[in-house]
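Report on the following structure.
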Amino acid sequence: DQQVKQNSPSLSVQEGRISILNCDYTNSMFDYFLWYKKYPAEGPTFLISISSIKDKNEDGRFTVFLNKSAKHLSLHIVPSQPGDSAVYFCAASFFGNEKLTFGTGTRLTIIP
Amino acid sequence: DTEVTQTPKHLVMGMTNKKSLKCEQHMGHRAMYWYKQKAKKPPELMFVYSYEKLPINESVPSRFSPECPNSSLLNLHLHALQPEDSALYLCASSQNAEPEAFFGQGTRLTVV
């Protein structure tokens, strides 16, 4: 039972344009969401997070939006850079619980 | 540079071998984790060790045996593994009750 889903396995975006990665979840008990970036043969790197009391969180080129009623979150990267090419995982948690449930990942390719 | 260090980076072992994976963090975090990631799949939680809490085992077979000598070290002892246990094993740490986990680079394990 995949509680966190990323329906796009891959995405290609022109350098300088906006990248939008999407994530859906089914468990309404999740109240904290995170995005991780992963290069091949490396561990995931934490990017940005959002709690369910917010609908937006911004950090530099990265913005995460949360739509609780739709059980949907998205990560916006603008402007996209070649170094952003990686696999992106969304993850969900209950605040106060250490377990992260990861989505299936989206491979982002930035085209120079 | 990651502040969660895993050794070795690569490991090949036979099904009758005993080996150990090591993880160390220097961030003063009080929770440490082992995740397993198969190819083209998301990371899946195996174990959680939190300071002053009981360890959490996510229904992992006994051929995987974690050991937490202190709050900055987490080992994973391996014995009688199967070829299907071949995967990337990721260690992570976080502040207690905080969902943001920081990952090491992983150990690529191959069981032959």
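Chains A and B, in that order, are what the protein sequence lines are. Residue numbering for the first sequence is 1 to 112, as defined by this note's numbering. Residue numbering for the second sequence is 1 to 112, as defined by this note's numbering. Every residue, glycine too, gets a C-beta built ideally from N, C-alpha and C.
Margin query: Please report the straight-line C-alpha distance between Leu47(A) and Ala41(A), rounded to a whole angstrom.
Written below: 18 Å
Note to self: Within 10 Å of its beta-carbon, does Ser59(B) have 16 or more other beta-carbons around it, so buried, or fewer, so exposed?
What the structure shows: exposed
Notebook entry, point to check: How big is the Cα-Cα spacing for Gly16(A) and Thr63(A)?
Noted result: 16 Å
Next item on the list: Compare the C-alpha of Ala70(A) against each of Asp55(A), Phe95(A), Glu98(A) and Ser80(A) and name the closest.
Entry: Asp55(A)
Item checked: Cβ neighbours of Ser105(A) in the same chain (closer than 8 Å, five flanking residues each side left out) -> Before going on, a small fix: residue 105(A) reads as Gly here, not Ser. Within the same chain, Gln6, Pro9, Lys38, Val87, Tyr88 and Phe89 come within 8 Å of Gly105(A) by CB-CB distance, once the 5 residues on both sides are set aside.
Item checked: Limits of the beta strand (DSSP E) - the one that Tyr51(B) falls within -> Neither: Tyr51(B) is in no beta strand (DSSP E) and is coded neither H nor E.
Item checked: DSSP state of Glu15(A) mapped onto helix, strand, coil -> coil
Checklist line | Glu98(A) in three-state terms, based on DSSP | finding: coil
Check: Within the 9 Å Cβ cut-off, does Ser86(B) reach chain A?
Finding: no
Next item on the list: Give the single residue among Gly43(A), Leu21(A) and Gln81(A) whose Cα lies nearest to the Cα of Leu11(A).
Entry: Leu21(A)
Check: Per the contact definition of three or more C-beta pairs closer than 8 Å, is the segment 13-32 of chain B in contact with the segment 40-56 of chain B?
Finding: yes
Next item on the list: Quick one: which unbroken beta strand (DSSP E) runs of 3-plus residues sit fully inside the segment 23-60 of chain A? Chain order, please.
Entry: 32-38, 45-51 and 56-59
Next item on the list: Report the option in Ile110(A), Phe94(A), Thr109(A) and Gly103(A) whose CA atom is closest to the CA atom of Tyr36(A).
Entry: Gly103(A)
Next item on the list: Give a yes or no on whether the minimum CB-CB distance between Asp1(B) and chain A is below 9 Å.
Entry: Note on Asp1(B): pLDDT 48, under 50, position unreliable in the model; no value is reported.
Next item on the list: Select from Ile110(A), Gln81(A), Ser52(A) and Arg61(A) the residue whose C-alpha is nearest the C-alpha of Leu25(A).
Entry: First, the amino acid is wrong: residue 25(A) is Tyr here, not Leu. With distances taken between Cα atoms, Tyr25(A) lies closest to Ser52(A).
Next item on the list: Go ahead and label Ala39(B) buried or exposed: buried means 16 or more other beta carbons lie within 10 angstroms of its beta carbon, across all protein chains shown.
Entry: exposed
Next item on the list: Compute the Euclidean distance between the alpha carbons of Gln25(B) and Ser86(B), then round it to the nearest angstrom.
Entry: When rounded, the distance between both Cα atoms is 24 Å.
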